[in-house]
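Trainee: Numbered by the working numbering, the letters in the sequence shown go through residues 1 to 252 in order.
Take this structure, written in structure tokens, and hold onto it; I'll ask about it next.
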Amino acid sequence: TASTAEKPILLNNIADAEAFVSSAEVAVIGFFQDPQSPEADQFRLAAGQVPEVPFGLSSSAAVLSHYGVSASTVALFRTTSRSGGGKRWGLCSGGERMVVSQGAGVSVDNDRRDLDMTSREVDDKKLIRFVRINELRLVTEYDPVTAIGVMQSSVQFNLLLITDKMSPKHPERMRKFRAAAELYKGKILFILLDSNLKSNERVLSYFQLKKSQLPALAVFHTPDDEHDVLTVDEISIERVQDFCNRFLQRMQ
Numbered sequence: 001t002a003s004t005a006e007k008p009i010l011l012n013n014i015a016d017a018e019a020f021v022s023s024a025e026v027a028v029i030g031f032f033q034d035p036q037s038p039e040a041d042q043f044r045l046a047a048g049q050v051p052e053v054p055f056g057l058s059s060s061a062a063v064l065s066h067y068g069v070s071a072s073t074v075a076l077f078r079t080t081s082r083s084g085g086g087k088r089w090g091l092c093s094g095g096e097r098m099v100v101s102q103g104a105g106v107s108v109d110n111d112r113r114d115l116d117m118t119s120r121e122v123d124d125k126k127l128i129r130f131v132r133i134n135e136l137r138l139v140t141e142y143d144p145v146t147a148i149g150v151m152q153s154s155v156q157f158n159l160l161l162i163t164d165k166m167s168p169k170h171p172e173r174m175r176k177f178r179a180a181a182e183l184y185k186g187k188i189l190f191i192l193l194d195s196n197l198k199s200n201e202r203v204l205s206y207f208q209l210k211k212s213q214l215p216a217l218a219v220f221h222t223p224d225d226e227h228d229v230l231t232v233d234e235i236s237i238e239r240v241q242d243f244c245n246r247f248l249q250r251m252q
């Protein structure tokens, strides 16, 4: 088995590629007919700068055909259960155009987004930006870049945990928040918002929260801005469930 320290991991056949995609919540594969091409070099550069996301590379004709790829393409796979359609695959941000599409040969539990690497304008920085925008996980940490991905999401309910990441209680809070997120995959997007970040202060003021009231949960329905806020002493799975279920019932 290839070491996860190797970035990217070489995927020589369809079985390897499928196993790679299903082994992680978010996985990125670079499909290149020529593994020594300039595009592949940019891909390797990007892979080294995003340590928490597994990157694979394939130049196998069978693998490229299986995933419906003909030209140099980077695909990001998110293994999630989603209901309903209406995904907005077009993505235009920061002035650059990114070709984003739902790919062939993907199971219904995989969201897939493609970035066309044949454009000369795509470099490692734009590739990293593409990954960051689209890598929404069980719990997504909110920042100016992931905010774009949150807004692009087809999931209409967001649950924010607004908390101090520096708190000694943070790891335990995250463990419980993540466990609750498992129960709402595809229904509610779980988001961590660090109250220490200056860029997040406007979110606190939107929900009319002061730092002294944290941690807090805020649930939000994106189509109509309907929301609810709960200040909590501590996070528990049951408390998160109760808060989410009450809001979901109200919105039915």
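Positions of the beta carbon are idealized from the N, C-alpha and C atoms, including for glycine.
Please name the residue in 21, 58, 237, 41 whose C-alpha comes closest to that of residue 178.
Mentor: Within the sequence shown, numbered from 1, the residue matching residue 178 stands at position 178. Measuring from the Cα of residue 178, the nearest candidate turns out to be 237.
Trainee: Nearest-angstrom Cα distance between residue 47 and residue 135?
Mentor: Residue 47 sits at position 47 when you count from the first residue of the sequence shown. Residue 135 sits at position 135 when you count from the first residue of the sequence shown. Rounded to the nearest angstrom, the two C-alpha atoms are 14 Å apart.
Trainee: Can you say whether residue 92 is buried or exposed, counting buried as having 16 or more other CB atoms within 10 angstroms of its CB?
Mentor: By one-based count along the sequence shown, residue 92 stands at place 92. Interpretation of residue 92 is limited by its pLDDT of 28, a score under 50 that renders its predicted location unreliable; no figure is taken from the coordinates.
Trainee: Compute the minimum distance between the beta carbon of residue 150 and the heavy atoms of the ligand GTP, and state whether it is under 6 Å.
Mentor: With respect to the ligand GTP, the structure offers nothing, as it holds no ligand at all.
Trainee: Do residue 43 and residue 30 have their C-beta atoms within less than 7 Å of each other?
Mentor: Numbered from its first residue, the sequence shown carries residue 43 at position 43. Numbered from its first residue, the sequence shown carries residue 30 at position 30. It is a contact, given that the beta carbons lie within the stated cut-off.
Trainee: I need the DSSP call for residue 194, collapsed to helix, strand or coil.
Mentor: Translated into positions along the sequence shown, residue 194 becomes position 194. In this structure, residue 194 counts as strand in the three-state DSSP scheme.
Trainee: Residues bridged to residue 227 by DSSP?
Mentor: To locate residue 227, count along the sequence shown from 1; it is residue 227. DSSP output for residue 227 lists 220 as bridge partner(s).
Trainee: Going by other Cβ atoms of all chains shown within 10 Å of its Cβ, with 16 needed for buried, is residue 206 buried or exposed?
Mentor: Numbered from 1 along the sequence shown, position 206 holds the residue referred to as residue 206. Classification of residue 206: exposed, given that the 10 Å Cβ count is below 16.
Trainee: To the nearest whole angstrom, what separates the beta carbons of residue 28 and residue 64, a pair I think is in contact under 8 Å?
Mentor: Within the sequence shown, residue 28 is the residue found at index 28, counting from 1. Within the sequence shown, residue 64 is the residue found at index 64, counting from 1. Contact doesn't hold; Cβ gap of about 15 Å is too wide.
Trainee: To the nearest angstrom, report how far apart residue 89 and residue 113 are at their CA atoms.
Mentor: The residue given as residue 89 occupies position 89 in the sequence shown. The residue given as residue 113 occupies position 113 in the sequence shown. Residue confidence for residue 89 is low, a pLDDT of 26 falling below 50, so the modelled location carries little weight; the figure read from the coordinates is stated next. Computed Cα separation, rounded: 8 Å.
Trainee: Can you tell me whether DSSP reads residue 113 as helix, strand or coil?
Mentor: Counting from 1 along the sequence shown, the entry for residue 113 is found at position 113. Reduced to three states, the DSSP call for residue 113 is strand.
Trainee: Does DSSP put residue 77 in a helix, a strand or coil?
Mentor: The residue labelled residue 77 in the question sits at position 77 within the sequence shown. Looking at residue 77 - three-state DSSP - the assignment turns out to be strand.
Trainee: Please report the distance separating the alpha-carbon of residue 195 from that of residue 118.
Mentor: Taking the first residue of the sequence shown as 1, we reach residue 195 at position 195. Taking the first residue of the sequence shown as 1, we reach residue 118 at position 118. Roughly 40 Å separates the two Cα atoms.
Trainee: Measure the alpha-carbon distance for residue 155 versus residue 181 and round it to whole angstroms.
Mentor: By 1-based counting over the sequence shown, the position of residue 155 is 155. By 1-based counting over the sequence shown, the position of residue 181 is 181. Distance between the alpha carbons of residue 155 and residue 181 is about 13 Å.
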